[in-house]
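Worksheet for the structure shown next.
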Amino acid sequence: MWYEKVTVQSQLKHRFPDLADPGTYYGFRFCHQLDFSTSGALCAALSKAAAAKAYTCFTQRTVTKAYLALVRGNVSKEQQTITDPIGKNTVEGMTHMMCTEGTEGCENAKPCQTELFVLERGLYCGDPVTKVLLQPHTGRTHQLRVHCSAIGHPIVGDFTYSLKKDSGPYRMMLHSYYLRIPVEGELVEVTAPDPFITTIDSNWVPVSTVRSLEETIQDVKDRAVLEAQERQRTLLENRTNRAKSAQKTTETEEQRAVCEQWLAEWAVDQ
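Residue numbers are given in UniProt numbering: position 173 of the sequence shown equals residue 173, and the series is strictly consecutive.
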């Protein structure tokens, strides 16, 4: 018997058949990607124009993303910025992985930045874990997974970056919680409900709260607004400076024309 492979696009086609575009390869125009086993918010455009606007936001890095994760161990620093450059792993048998600069076989490492905020500390199947909010400021492949592993706190259930040791959990505990895309003319802003709560997964037992998810995500939103305002101010300043420069150029040309006319008249008088 033939079975259709379960994918995001197949589920979207099943649930929203009228929105699928047969003229596209996947039926939907996906504007970005999530790693396999990562759940949560994913942007799919329903037209070429919408896809182009969203694509512009991603390429200009005006998109804000925040992920929830359960990571192994107790993360001691309640807030930290991880800046390890990430490159491709060229070690035999590990070429499907990424790695941090300085590790064996790491090539073409590029600058990366991830903000980490500790939300809760607790237990998963009796083992110490920490619930964190991760905000990537760059978009390197496997960035969050590599950065968490690099600080000694790999994501729970990440079979690949635990070197095939963490095989117990039913999934990798990484979730795209918040997505903000400031497309031209409209702000797209969504959250996908937190799956890392006891009522959904009884293996996760929070013991202490460091800061609330609501407070933390509001800080992320506020910073995104401030950054957008700063970009707008910079854009207006650049436009003003270009206009002044063009005006000065025009004035110089006019002055040159008057001078040439005066010289021509002076030559005739002589």
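Cβ atoms here follow ideal geometry from the backbone N, Cα and C, with glycine treated the same way.
Values in this document were obtained by computation on a predicted structure and should not be read as measured data.
Local conformation of residue i per DSSP, three classes
| i | result |
| --- | --- |
| residue 14 | helix |
| residue 70 | strand |
| residue 149 | helix |
| residue 95 | coil |
| residue 1 | Only weak support exists for where residue 1 lies, its pLDDT of 43 falling under 50; the coordinates are left without a value. |
| residue 245 | helix |
| residue 238 | helix |
| residue 88 | strand |
| residue 174 | strand |
| residue 257 | helix |
| residue 20 | coil |
| residue 155 | strand |
Residue(s) in a DSSP beta bridge with residue i
| i | result |
| --- | --- |
| residue 82 | 114 |
| residue 44 | 30 |
| residue 135 | 115 |
| residue 128 | 123 |
| residue 190 | 179 |
| residue 53 | According to DSSP, which records beta bridges pairwise, residue 53 is partnered with nothing at all. |
| residue 100 | 86 |
| residue 107 | 88 |
Distance, residue j Cα to residue i Cα
| i | j | result |
| --- | --- | --- |
| residue 57 | residue 257 | 45 Å |
| residue 88 | residue 220 | 29 Å |
| residue 1 | residue 7 | Confidence is the limiting factor: at residue 1 the pLDDT is only 43, short of 50, which leaves the residue's position unreliable, though a coordinate-based value still follows. If I take the Cα positions, the gap works out to 19 Å. |
| residue 188 | residue 235 | 21 Å |
| residue 127 | residue 5 | 34 Å |
| residue 167 | residue 230 | 45 Å |
| residue 333 | residue 261 | Not covered by the structure: residue 333. The range shown for the chain is 1 to 270. |
| residue 79 | residue 22 | 46 Å |
| residue 216 | residue 222 | 10 Å |
| residue 193 | residue 186 | 23 Å |
| residue 60 | residue 84 | 22 Å |
| residue 75 | residue 62 | 29 Å |
| residue 171 | residue 238 | 48 Å |
| residue 204 | residue 243 | 59 Å |
| residue 213 | residue 109 | 32 Å |
| residue 36 | residue 227 | 30 Å |
| residue 175 | residue 241 | 43 Å |
| residue 232 | residue 225 | 11 Å |
8 Å Cβ cutoff, residue i in contact with chain C
| i | result |
| --- | --- |
| residue 70 | Here there is only one protein chain, and chain C is not present. |
*Three or more C-beta pairs below 8 Å linking the stretch 121 to 131 and the stretch 5 to 25*: By the Cβ test, the stretch 121 to 131 is not in contact with the stretch 5 to 25, since fewer than three Cβ pairs between them sit closer than 8 Å.
*Say whether the stretch 93 to 100 touches the stretch 63 to 80, bearing in mind that this needs 3 or more beta-carbon pairs closer than 8 Å, one atom from each stretch.*
At 8 Å Cβ cutoff, the stretches do not touch.
*asked:* Using a Cβ distance threshold of 8 Å, determine whether the stretch 198 to 217 contacts the stretch 114 to 125, with at least three qualifying pairs required.
replied: Contact between the stretch 198 to 217 and the stretch 114 to 125 is present, because at least three Cβ pairs lie under 8 Å.
*Tell me, please, whether the stretch 102 to 114 touches the stretch 135 to 144 by the rule of three or more beta-carbon pairs shorter than 8 Å.*
The stretch 102 to 114 makes contact with the stretch 135 to 144: 3 or more CB pairs, one atom from each, lie closer than 8 Å.
*Between the stretch 101 to 108 and the stretch 37 to 53, are three or more C-beta pairs nearer than 8 Å?*
These segments do not touch.
*Touching by the beta-carbon criterion (3+ pairs, under 8 Å), the stretch 145 to 155 and the stretch 27 to 34*: Between the stretch 145 to 155 and the stretch 27 to 34 there are fewer than three inter-stretch CB-CB distances shorter than 8 Å, so the stretches are not counted as touching.
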